[in-house]
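Enquirer: This is the structure, below, for whatever I ask next.
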Amino acid sequence: MLRAKLSAKVSPLMLELTPKGLYCRAGNFYIDPSGAVDHAVVTHAHSDHARRGSRQYYCATSGVSLLKTRLGKNITVRGLAFGEVLRLGGVEISLHPAGHILGSAQVRLEYAGQVWVASGDYKRDPDPTCEPFESVKCDVFVTEATFGTPGYAWKKDADLGKQIHTWWNTNAARGVNSVLFAYSLGKAQRVLGVLHPHATKEVYCHPAATALNDCYRAQGINLASTRCLSTLRVGESLRGELLLVPQSFLRSDQGQVLGGRYETAFASGWMAKGSHGFRGGYDRGFVMSDHADWNDLVRTVIETGAKTVYVQHRGNGALVKHLRTLGLQAFPDTELTPKQPDQLAFF
Ligand SMILES: [Zn+2]
Ligand SMILES: [Zn+2]
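Rendered as structure tokens:
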């Protein structure tokens, strides 16, 4: 009797949280493993998701060149078109757009009549440089929650390209350079994408972004024209230019090209706190996140129709608590460990 009660309450786990990350026992593969494994399904090429050393990688076709740029040309990687089904150990795997960066994917798993979706990083805001997020129906949703506290909610209609271009122009009129800090994969290309309709001259890019820009352009994504900072001659200095660089730039010798005349800005979701006085030491903050804000996290969970939700990068646990008030079975991802033999009986 007790046993029957327990098995009714606890659903079987298609994904387990292991020291190497999310593992699918039935298909013997990992999603975004933290170390080398035989079969790695990679949601996207950011370094906290794509790591070296695995024998076989799988990712969205539009993300293959980014993964190779990050992990090395010689990796063995199979690109999957969005929606294409791959079978591993009887598990049907398909990738669906996550709207985070080019080629970023949610992973849908179907096995024994159950559907799980692992979101990877995702956002719902428009972004001309990647495939738009697609809601995928499932029984169990494993969601990221980078901005999983209610304070992080931002306007969706901001014309960021225009805002950045105006800031650049205003500085240029004074002979001042505009230094915009942005991660070299994803954020830098999104800035170039939203600037594409506005920019009339080249944007200077850090060498770390140059090869990645090329990957985007090769996939037909329109980016503002760029010039690599490595093409500057020694001693050359800039006036009124826009530079897209990582934050380490100002501390390096390369910062000398600014001739001491510059303003700084940061493009990030963390700038959403700017409305409460937080600027983090930058002259300007552009609220540009590649993750879903609080409202979009909640909306997305509801759209999947999942009755059970596991939350990754869960911050202070606010999302888990909130989803429970909506009647969902919500847990931190640490609960993705089999607690009872019933949970493994599934396989
Ligand atoms: Zn990411
Ligand atoms: Zn991430």
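Sequential numbering from 7 applies to the sequence shown in the working numbering.
Just so you know, even glycine gets a beta-carbon here, dropped at the ideal spot from N, CA and C.
(1) Contact between the region 264 to 276 and the region 174 to 190 is defined here as three or more beta-carbon pairs at a separation below 8 Å; is this criterion met?
(2) When you measure from the CB of His-102 to every non-hydrogen atom of ligand 1, does any distance come out below 7 Å?
(3) According to DSSP, Pro-338 sits in a beta bridge with which residue or residues?
(4) Ordered along the chain, which non-local residues of its own chain (more than five positions away) have a Cβ less than 8 Å from that of Leu-115?
(5) Rounded to whole angstroms, what is the Cα-Cα separation between Ala-336 and Val-317?
(6) Would you kindly check if the distance between the Cβ of Trp-160 and the Cβ of Val-293 is under 8 Å?
(7) Thinking C-beta only, is Ala-215 closer than 8 Å to Ala-230?
(8) I need the DSSP call for Glu-309, collapsed to helix, strand or coil.
(9) Under a Cβ-count criterion, where at least 16 other Cβ atoms within 10 Å of its own Cβ denotes burial, should Lys-129 be classed as buried or exposed?
(10) With DSSP as the reference, please indicate the residues paired to Pro-103 in a beta bridge.
(11) Consider the C-beta atom of His-398 and the heavy atoms of ligand 1; say whether any pair is separated by less than 7 Å.
(12) At what residues does the alpha helix (DSSP H) containing Ile-170 begin and finish?
(13) Take Tyr-189 as the anchor and find which of Val-200, Val-148, Cys-211 and Gln-112 has the nearest alpha-carbon.
(14) So, are the CB atoms of Val-148 and Asp-299 less than 8 Å apart?
(15) Which word fits Gln-253, buried or exposed, when buried means at least 16 other C-beta atoms lie within 10 angstroms of its C-beta?
(16) My assumption, with CB atoms under 8 Å, is that Glu-269 sits in contact with Arg-239. Please give the rounded CB distance.
(17) Using the Cβ count rule (16 or more neighbours within 10 Å means buried), how would you classify Thr-237?
(18) Going by beta carbon distance, what residues of the same chain come within less than 6 Å of Arg-61, once the five residues before and after it are set aside?
(19) Which class does Gly-160 belong to by DSSP, given the choice of helix, strand or coil?
(20) Taking the C-alpha atoms as reference points, what is the distance between His-171 and His-204?
(21) With hydrogens ignored, establish whether the beta-carbon of His-52 is closer than 7 Å to any heavy atom of ligand 2.
(22) Per DSSP, what kind of secondary structure is Arg-233 in: helix, strand or coil?
(23) Sort out for me which residues DSSP pairs Arg-187 with in a bridge.
(24) Check Cys-30 in the structure and name its three-state DSSP category.
(25) Three-state secondary structure (DSSP) at Thr-149?
(26) Taking a contact to mean a Cβ-Cβ separation below 8 Å, would you say Thr-206 touches Asn-219 in this structure?
(27) When the Cα atoms are used, what is the spatial distance from Tyr-260 to Leu-244?
(28) Mark Gly-226 as exposed unless 16 or more other C-beta atoms lie within 10 angstroms of its C-beta, in which case mark it buried.
(29) Could you spell out the range, first to last residue, of the alpha helix (DSSP H) harbouring His-328?
Expert: Let me spell this out:
(1) yes
(2) Your numbering for residue 102 matches position 96 in the sequence shown. Closer than 7 Å to some heavy atom of ligand 1: that does not describe the Cβ of His-102.
(3) For the purposes of this step, residue 338 is identified with residue 332 of the sequence shown, where counting begins at 1. Answer is Val-317.
(4) Locating residue 115 in the sequence shown gives position 109, counting from the first residue. Here the set comprises Met-20, Leu-21, Cys-30, Gly-33, Val-97, Glu-98, Ile-99, Val-121, Trp-122, Val-123 and Ala-124.
(5) Residue 336 sits at position 330 when you count from the first residue of the sequence shown. Residue 317 sits at position 311 when you count from the first residue of the sequence shown. Going by the C-alpha atoms only, they are around 7 Å apart.
(6) Here the question's residue 293 lines up with position 287 in the sequence shown. Here the question's residue 160 lines up with position 154 in the sequence shown. Their beta carbons are under 8 Å apart, which means Val-293 touches Trp-160 by this criterion.
(7) Locating residue 230 in the sequence shown gives position 224, where the first residue counts as 1. Locating residue 215 in the sequence shown gives position 209, where the first residue counts as 1. Going by C-beta atoms, Ala-230 is not nearer than 8 Å to Ala-215.
(8) What you label residue 309 is simply residue 303 of the sequence shown in a count that begins at 1. For Glu-309, the secondary structure class from DSSP, reduced to helix, strand or coil, is helix.
(9) The sequence position of residue 129 within the sequence shown is 123, counting from 1. Buried is the call here.
(10) As a working mapping, residue 103 is identified with position 97 in the sequence shown. Looking at the DSSP assignment, Pro-103 forms a beta bridge with Ala-111.
(11) Nothing about residue 398 can be read from this structure; the chain reaches only from 7 to 353.
(12) Here residue 170 corresponds to residue number 164 of the sequence shown, with the count starting at 1. Its alpha helix (DSSP H) spans residues 166 to 179.
(13) Counting from 1 along the sequence shown, the entry for residue 189 is found at position 183. The shortest C-alpha separation from Tyr-189 is found at Cys-211.
(14) Translated into positions along the sequence shown, residue 148 becomes position 142. Translated into positions along the sequence shown, residue 299 becomes position 293. No.
(15) Walking along the sequence shown from the start, residue 253 turns up at place 247. Gln-253 comes out exposed.
(16) Within the sequence shown, residue 269 is the residue found at index 263, counting from 1. Within the sequence shown, residue 239 is the residue found at index 233, counting from 1. The pair is not a contact, with the Cβ atoms about 24 Å apart (cut-off 8 Å).
(17) By 1-based counting over the sequence shown, the position of residue 237 is 231. Thr-237 comes out exposed.
(18) Stepping through the sequence shown from its first residue, residue 61 is reached at position 55. Cβ neighbours of Arg-61 beyond the five flanking positions: Asp-44.
(19) Here residue 160 refers to the residue found at position 154 when the sequence shown is read from its first residue. Rather than Gly, the amino acid found at residue 160 in this sequence is Trp. It is coil, neither helix nor strand.
(20) Taking the first residue of the sequence shown as position 1, residue 171 is located at position 165. Taking the first residue of the sequence shown as position 1, residue 204 is located at position 198. CA-to-CA, the gap between His-171 and His-204 works out to about 7 Å.
(21) Looking up residue 52 in the sequence shown gives position 46. His-52 Cβ: within cutoff of ligand 2.
(22) Counting from one through the sequence shown, the residue named residue 233 turns up at place 227. Correct three-state label for Arg-233: strand.
(23) Numbered from 1 along the sequence shown, position 181 holds the residue referred to as residue 187. Residue 187 is actually Phe in this sequence, not Arg. Val-251 and Phe-272.
(24) For this step, residue 30 is matched to residue 24 along the sequence shown. Note: Cys-30 maps to strand in three-state DSSP.
(25) If you number the sequence shown from 1, residue 149 lands on position 143. Thr-149: strand per DSSP, three-state reduction.
(26) Taking the first residue of the sequence shown as position 1, residue 206 is located at position 200. Taking the first residue of the sequence shown as position 1, residue 219 is located at position 213. With contacts defined by Cβ atoms closer than 8 Å, Thr-206 and Asn-219 do not form a contacting pair.
(27) For the purposes of this step, residue 260 is taken as residue 254 along the sequence shown, with counting starting at 1. For the purposes of this step, residue 244 is taken as residue 238 along the sequence shown, with counting starting at 1. In the sequence on display, residue 260 carries Gln and not Tyr. Approximately 12 Å, taken between the alpha carbons.
(28) Translated into positions along the sequence shown, residue 226 becomes position 220. Under the 10 Å beta carbon count, Gly-226 is surrounded by fewer than 16 other beta carbons and is classified as exposed.
(29) Residue mapping note: residue 328 aligns to position 322 of the sequence shown, counting from 1. Per DSSP, His-328 belongs to the alpha helix (DSSP H) from 324 to 331.
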